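Under my numbering, the first residue of the sequence shown is numbered 10, with each subsequent residue one higher.
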Amino acid sequence: MNRTYALSLAFVLAAGGNAFADDITIDPHPFVSTASRAEVMEELRQFRMAGNSPWADDYNPIAEFRGSLTRAEVTADYMGSRDTVSAFTAEDSGSTYLARHHGASPDIILARTE
Numbered sequence: 010m011n012r013t014y015a016l017s018l019a020f021v022l023a024a025g026g027n028a029f030a031d032d033i034t035i036d037p038h039p040f041v042s043t044a045s046r047a048e049v050m051e052e053l054r055q056f057r058m059a060g061n062s063p064w065a066d067d068y069n070p071i072a073e074f075r076g077s078l079t080r081a082e083v084t085a086d087y088m089g090s091r092d093t094v095s096a097f098t099a100e101d102s103g104s105t106y107l108a109r110h111h112g113a114s115p116d117i118i119l120a121r122t123e
């Protein structure tokens with residue numbers, strides 16, 4: 010028991026080792042702004058006036074979104090493409106689907122060499 014404890018303690022101490030932090034990397038090219046302070050402050054004021062901060066808890070970018078398709082059109086599109094999507098997310102990443110349907114679907118272009 011003592012030998013196992015001593016051996017495991019030795020491994021823990023050896024694994025800990027010495028850790029040294031690297032030196033500070035100093036960027037030789039200092040940052041130079043292309044905008045004046047007044048321009049930055051005006052941009053900040055306009056951002057705050059817009060009232061849509063992506064960092065806010067109540068930010069919802071699609072709150073005002075209105076789709077152009079009906080529910081039936083979306084359902085039909087889903088039903089028409091679900092076999093293709095299922096094939097491309099399968100274990101073989103769609104290689105069997107592509108082998109069977111080679112040239113049958115001209116709208117699927119995975120890679121093109123020109």
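Glycine included, every Cβ here is placed at the ideal spot set by N, Cα and C.
Values in this document were obtained by computation on a predicted structure and should not be read as measured data.
Residue i vs residue j beta-carbon contact at 8 Å
i, j, result
"GLY89", "ALA96", "no"
"TYR68", "SER77", "no"
What runs of the alpha helix (DSSP H), each 4 residues or longer, lie entirely inside the region 28–105?
-> 46–59, 80–97
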